[in-house]
Amino acid sequence: MSELLCAHLLITGKVQGVGFRAFTQAEAAKLGIGGWVRNLGYDEVECILEGERAALEALIALLRRGPSAGRVEQLGVEWLPATEKFTSLEIRSSR
C-alpha cells in the first residue's frame with residue numbers, strides 16, 4: 031500500500047513573476063498531487079502538497095529546479111500526516 035503524506039514547502043529565490051505557481055500546478059496534476067500554492071512576500075512561495083510519498087518526492091525534485099525563468103535558492107520541507115481533503119492543486123491568492 032502506498033503511503034499518503036502531506037508536505038509543507040517554503041521556497042525562496044526568483045519564484046514570483048516567472049510562472050512558478052502555474053508550473054507547480056501543472057507538474058502536480060501530472061503526478062496526481064493535490065493541495066495549494068501561493069505567493070508570500072517578495073521572493074517566497076508556499077505550498078501544501080498531498081499525495082503518495084514517491085510522487086511528492088518527484089515533485090519536490092522538480093520544484094528545486096523550478097521553471098526555466100525562475101531560480102530557486104532554498105526549499106524547505108516539513109512532512110505532515112495527510113488530510114486527504116485535496117483532489118487537485120489550486121493556485122491561491124497571494125498572502
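All you need for our numbering is the position in the sequence shown, starting with 1, plus 30. Note that beta-carbon positions come from the ideal geometry of N, C-alpha and C, so glycine has one too.
- Relative to residue 32, the option among 77, 51 and 62 whose CA is nearest is 62.
- Annotated three-state conformation of residue 54 is helix, per DSSP.
- The continuous beta strand (DSSP E) containing residue 68 extends over residues 64 to 70.
- According to DSSP, residue pairing for residue 33 in a beta bridge does not occur.
- Within the DSSP bridge table, the entry for residue 42 names 74 and 104 as partners.
- Taking every protein chain shown into account, the CB of residue 52 has fewer than 16 other CB atoms within 10 angstroms, so this residue is exposed.
- With contacts defined by Cβ atoms closer than 8 Å, residue 43 and residue 102 form a contacting pair.
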